[in-house]
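Chemist: Got a structure here, written out as structure tokens. Questions coming.
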Amino acid sequence: MTETAADNKPKLKSDQMFINLGPQHPSTHGVLRIGLTIEGEIIVNAVPDVGYLHRGTEKLAEIRGYHHCVVLSDRWDYLNAMGNNMVFCMAAEKLMGVEVPERAQQLRVLMLELNRIASHLLFFGTYGIDIGAFTAFLHAFREREMVLDLFEMVCGARMTYNYIRLGGVMKELPKEWLDRCREFVPFFKKRLAEYDDLLSFNPIFLDRTKTVGAVGGKEALAWGWSGPNLRASGVPYDMRKFQPYSSYEKFDFEIPVGKDGSCWDRYYCRVREMHESLKIVEQVLGGLPEGPILGKGVAKVPKAPPGETYAAIEGARGDLGIHLVSDGNMSPYRLHVKAPSFINLQILQEMLVGQKISDVVAILGSIDIVLGEVDR
Amino acid sequence: MTTTTLDREALQAKFAEKFPEAETIGAPAEGSAPTELKGYLTVRFPDGERLLAALRWLKEDLGFAYLDMISAVDWKGPVDIDGYIRDPNPNVFLPDGATPQVQLPVANKTVAYRDAVELVYLLSHLDAKIKVCLKLDVPRDGGSAPSAIGVFKSADWQEREIFDLFGVAFLNHPNLSKILTPDFLKGHPLRKDYKHQKDRFDD
Amino acid sequence: MTDKPSESDKPDEAKKEEAPAAKPAPAKPPAKPPVKELPKPVFNEHPTHPAYQGRASRLLHANRMAPNRVWEDKWRLPRYRNGAIMLAGILGGLTVGAVLIDRFGMTVWMKLWNTLFAVLGRVAAAAGASADSVAAAKAFAETSPWIWSPLKVILVLHVILVAPIFLVWWERKISAHMQSRFGPMYVGWFHGVLQTVADGIKLLLKENIQPASADSWVHRLAPAVVCFPAILAFAPVSFGGDLIAADIDVSVVYIFAMAGISVVGIMMAGWGSGNKYSLLGGLRSAAQLVSYELPRGFAIMPVIMFAGSLSLVRIADAQSGTWFGFVPRWFIFYPVVGQLSFLIFLIASVAETNRTPFDIPEAESELVAGFHTEYSGMRFSLFFLAEYAYMLLACLLMSAFFFGGGNPPLPGLDFVPGWYWFLGKTMALVFLFMWFRWTFPRLRVDRVMDLCWKFLLPWSFANIAFAGLYLLF
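Chains as they are written, first to last, in the working numbering: chain S, 1 to 376; chain C, 377 to 579; chain D, 580 to 1052.
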């Protein structure tokens, strides 16, 4: 919550109206409030107001041990919880100098890509509902249930997994998990083709999304965008190719890059990313090495030597980073989360000006934010 | 403008040439502040103007088009337990007298705590696949730094967040106000000596 | 995790036991309350647990199967096969029932009627009245318009009151099956058929909230003003041979006029809610409805030109017979003109009834809430009653105008009564409406207007020109 709503609002002329979009609104993006000043149908001023979900995890982390911080990390971008776990563990492992065994690395890749698929499926469904196509949501969730069932089999949880731990992963895969995963892959490939038929190339959908929200590559970089948003604007920046981590360099996949950065490009980038993630999942399933799943050198109460580091992964929302500073205690000295949704959201104060109200939902949906990450 | 032959040594040489007063950090010396961002070239600047000039130089001349993050670290010392609402020992099922799971942090003698907030800027060069880290120490009370919003628009909310949580003012920022904490919260929570004031949501 | 508890408790207990033996025991520390056993959570239990034996949970758990296994070999699933057989059986049964009613219905009814009057005669004779008066009463009942007209009115009224019960249930089932779920299954004996009835009862029991800033009488009257013309518009629609409330010569014009009156009701709803968002929504909706009346009317012109009459009955009769012996003379089969008319009328009807892809007023995820936000209880459901009634009306009109309304598709199928074909075609078109709703995303408001004024209207004019050319040759 901020004091700027009163400061920043221009003096309302008599034909201008001030509307609050949120913090409760049906387009399920979390608790976000945007104060819109509109003149007729056109938006004159937009003030995004975040902080409704601020839980102070960065301060909490200064009092929790590293294993506890993994649990805290689940709750930042709760749709991509494996990614949060992963980036925190990467940062802590870098500081402590822990080697992650090969099998654990590939299991991490597997879980990360499945989580990316689940997160993009949810985006697909909710974006469909925002635009008005109700069926896409149900179809996406039918597939998402399968992915969540897989996660439940492996770690017992459907949303906050706490599966990727310091030094490796928590538990070995159950016996039938690999078979179930192998069943899922061809089934999902067919469904992806159906999604294109249902929504992606529907003329009404194209009309609604291709004409709005265009962001050029340079502007996107200036605003600090990352992830599918940036790639849709034409910049091929993907952390998995920029600085490959956790054996990503072994897998063969492309990064889909868009052309004009409109809402449709951002949407389609994510749909294509689901294809690529499925390719990676197939490759991992094809050759998962045997071995230990937890590296050596992680104590029950780990203490990192004094130092600081930065680790980044390609999360489902963008370039998720952790700046971790340690002073030798069992808790981090400072844990800063570079949250892509937080940075992606800033552009709204400039981008929404001049758009119609009906397009606000389309634009906001296409940026794909998760408030857990924005507010931490 | 963008050179793909940029690697850590070349960059270090360029910094030494352009900003001789900035201190390029390698491995931390014994007893000094552990300040290298592990794995990346770290440059510490003595004051804000030179940092801003370096940011501009990196973006326009060398092609570091992407600001990864602006972070801040309060180097006062271990965190004060009064800043927390609840008992940090998270396990309420342990019986009395058992060793708590969380040991409160204590000062480490090998770490140079100081009365400053350190700002950490991380920039990326997308073609050369290299990142560089710039650091600036800002005094804790009344410290200020120039805002990077003129160079990178993505510094906007990150600087607001640092102002909100640490109290570091950024000069020339168009809208420096609280962003994450509620309106009724006074003080800057991520400071190490922050004490929690009882508000209407505490029971 | 530490295993200190066992170690730290023992010394305490040992001390407690020693202390009373050593010296007279002081006040003992209060005994800790016994640790209550938490009840075992039911969700971990196997589905044969008694908590899972209810019908709803049986449905839920028996049908829970990974989607990929269902979709791969669905015909091997017994419940899938049984469902298909059941569907075929229902349709076949309805057809057979229709044929039988057509064949024997009148005779059975006449028998019952005469029996009734015979019984009445005997009762009257016992009471002392003459046989003539009974015969006169019978003749009066059979021919007098004072009896039949109110009866027809009540029948037409009940169409609009009963049809939404079925249509809402059908919509929920269709939407559910398109979204790979089941829809209402629990209420009612068979696949939740009484769900709408239950919802209606619930809505009747709700409090009719009226916002304080609302214009009270306007707010109260708006649902009635929307619903009343919807009922009236069904008057000239013929459901079969004689099942028509009012056989007017200008029924088409009458129907469109009634549909136009409802727009006033929507504006009243938007204004009367006292809420600027409802007002905006109401105005948008009214603009959309008024705009789309034009292509609708103009798309019908060729049909009227071909049929030479404005009466629905005559238009349906003009489509009887076949070309080449097997292609029915339906207006939709007329080259170019028929198809174009149908498409324009279809799109305009979907827009008129506020259905997706034109459902801006009802859209929950748009910013502006819509004209029916401030309504609760039965008043809210009256708006939706009117929407379903208009949808049914639009489909009835389409069947009458374009699909022959009552004429069978092949000449040999005359034994199945006309009203059965009429209702069948109507229901197929209703299915189409519902299919649109759950497949297409929503158009933006300005695109809706663009579509009407810049696309449908010019093409409807062109269509009239084509029809003129057709008639010329």
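Heads up, the beta-carbon is just placed ideally off N, CA and C, and yes, glycines get one too.
Output the boundary residues of the alpha helix (DSSP H) element that contains M884 (chain D).
Modeler: Per DSSP, M884 (chain D) belongs to the alpha helix (DSSP H) from 855-886.
Chemist: Got a sec: which bits of the region 434-468 of chain C sit with their beta carbon under 8 angstroms from any beta carbon on chain S, in order along the chain?
Modeler: The region 434-468 of chain C vs chain S, Cβ under 8 angstroms: A441, Y442, L443, D444, M445, S447, A448, V449, D450, P454, V455, I457, G459, Y460, P464, P466.
Chemist: Check the DSSP bridge columns for P907 (chain D) and list the partner residues they point to.
Modeler: DSSP output for P907 (chain D) lists D:T901 as bridge partner(s).
Chemist: Please report the straight-line C-alpha distance between L541 (chain C) and G415 (chain C), rounded to a whole angstrom.
Modeler: For L541 (chain C) and G415 (chain C), the distance between alpha carbons rounds to 27 angstroms.
Chemist: So, are the CB atoms of P332 (chain S) and E62 (chain S) less than 8 angstroms apart?
Modeler: A contact, by the Cβ cut-off of 8 angstroms.
Chemist: Taking K338 (chain S) as part of the beta strand (DSSP E), name the residues at either end of that continuous run.
Modeler: Start and end: 334-338.
Chemist: How about L345 (chain S) and V370 (chain S): do their beta carbons lie closer than 8 angstroms?
Modeler: No, Cβ-Cβ distance for L345 (chain S) and V370 (chain S) is not below 8 angstroms.
Chemist: Mapping DSSP to helix, strand and coil, what is L510 (chain C)?
Modeler: In the structure shown, L510 (chain C) sits in a strand (DSSP, three-state: E or B).
Chemist: Going along the region 1004-1035 of chain D in order, which residues come within less than 7 angstroms of chain S, judged by CB to CB distance?
Modeler: Cβ contacts with chain S come from W1017, T1018, F1019, P1020, R1021, L1022, R1023, V1024, R1026.
Chemist: In whole angstroms, what separates the C-alpha of E41 (chain S) from that of R958 (chain D)?
Modeler: Between E41 (chain S) and R958 (chain D), the C-alpha separation is close to 30 angstroms.
Chemist: Which first and last residues belong to the alpha helix (DSSP H) in which P808 (chain D) is found?
Modeler: From DSSP, the alpha helix (DSSP H) with P808 (chain D) extends over 795-811.
Chemist: Does chain D have any CB closer than 8 angstroms to the CB of K171 (chain S)?
Modeler: Chain D contact via Cβ: absent.
Chemist: Taking 8 angstroms as the CB-CB cut-off, is A133 (chain S) touching chain D?
Modeler: Taking Cβ atoms only, chain D reaches closer than 8 angstroms to A133 (chain S), which makes this a yes.
Chemist: Near A492 (chain C), which residues of its chain fall below 7 angstroms by C-beta distance, leaving aside the five closest residues on each side in sequence?
Modeler: Same-chain partners within the cutoff: W451, D513, V514, P515, R516.
Chemist: In this structure, how does DSSP classify E314 (chain S) when only helix, strand and coil are distinguished?
Modeler: E314 (chain S) falls in the strand class under three-state DSSP.
Chemist: Quick one: give me the first and last residue of the beta strand (DSSP E) that N45 (chain S) is part of.
Modeler: Its beta strand (DSSP E) spans residues 42-49.
Chemist: DSSP has D319 (chain S) in a bridge; who is on the other side?
Modeler: In DSSP, D319 (chain S) forms a bridge with S:E314.
Chemist: Does any residue of chain D have a CB that is nearer than 8 angstroms to the CB of G128 (chain S)?
Modeler: Closer than 8 angstroms: yes.
Chemist: Work out the CA separation of I845 (chain D) and S723 (chain D) for me, nearest whole Å.
Modeler: Roughly 39 angstroms separates the two Cα atoms.
Chemist: Pair every Cβ in the region 727-741 of chain D with every Cβ in the region 803-818 of chain D, then say whether three or more of these pairs are closer than 8 angstroms.
Modeler: Counting Cβ pairs under 8 angstroms, three or more are found: they touch.
Chemist: Just mark L484 (chain C) as buried or exposed, buried being the case when its beta carbon has 16 or more other beta carbons within 10 Å.
Modeler: The displayed chain sequence assigns Asn, not Leu, to residue 484 (chain C). Its Cβ being crowded by 16 or more others within 10 Å, N484 (chain C) is buried.
Chemist: Look at the Cβ atom of R270 (chain S), then the Cβ atom of F123 (chain S), and state whether they are nearer than 8 angstroms.
Modeler: For R270 (chain S) and F123 (chain S), yes; Cβs fall inside 8 angstroms.
Chemist: Looking only at its chain, what residues have a beta carbon closer than 6 angstroms to the beta carbon of P471 (chain C), apart from the 5 residues adjacent to it on each side?
Modeler: Once the five neighbours on either side are set aside, P471 (chain C) has no close Cβ partner at all.
Chemist: Roughly how many whole angstroms lie between the Cα atoms of A339 (chain S) and D319 (chain S)?
Modeler: Cα to Cα, the separation comes out at about 8 angstroms.
Chemist: If we cut at 8 angstroms on Cβ distances, does N329 (chain S) have a partner in chain B?
Modeler: In summary, chain B is missing from the structure at hand, where the protein chains are S, C and D.
Chemist: For G297 (chain S), which residues in the same chain have their Cβ closer than 6 angstroms to its Cβ, ignoring the five residues on either side in sequence?
Modeler: Answer for G297 (chain S): V98, listed in chain order.
Chemist: Hey, would you say G860 (chain D) sits closer than 8 angstroms to F950 (chain D), going by beta carbons?
Modeler: Their beta carbons are under 8 angstroms apart, which means G860 (chain D) touches F950 (chain D) by this criterion.
Chemist: I'd like to know whether the C-beta of A604 (chain D) is nearer than 8 angstroms to at least one C-beta of chain S.
Modeler: Only weak support exists for where A604 (chain D) lies, its pLDDT of 46 falling under 50; the value from the coordinates is given anyway. Cβ-Cβ to chain S under 8 angstroms: no for A604 (chain D).
Chemist: Could you check whether the Cβ of A222 (chain S) sits closer than 8 angstroms to any Cβ belonging to chain C?
Modeler: Interface residue, yes.
Chemist: Under 7 angstroms Cβ-Cβ, which residues of chain C neighbour R334 (chain S)?
Modeler: Under the 7 angstroms cutoff, chain C gives V449.
Chemist: Using the Cα positions of G985 (chain D) and V916 (chain D), report the straight-line distance between them to the nearest angstrom.
Modeler: Cα-Cα distance, rounded: 21 angstroms.
Chemist: Of all the CB atoms in chain S, is at least one closer than 8 angstroms to the CB of W1038 (chain D)?
Modeler: Not an interface residue.
Chemist: Let me confirm a value: T935 (chain D) is counted as buried when at least 16 other C-beta atoms fall within 10 Å, else exposed. Which label applies?
Modeler: Flag for T935 (chain D) reads buried.
Chemist: G65 (chain S): buried (16+ other C-beta within 10 angstroms of its C-beta) or exposed?
Modeler: The residue in question, G65 (chain S), is buried, as its Cβ has 16 or more Cβ neighbours within 10 Å.
Chemist: Look at the Cβ atom of E276 (chain S), then the Cβ atom of P306 (chain S), and state whether they are nearer than 8 angstroms.
Modeler: No, they are not a contact pair.
Chemist: Just to confirm the assignment, what range does the alpha helix (DSSP H) spanning E537 (chain C) have?
Modeler: First-last of the alpha helix (DSSP H) with E537 (chain C): 531-542.
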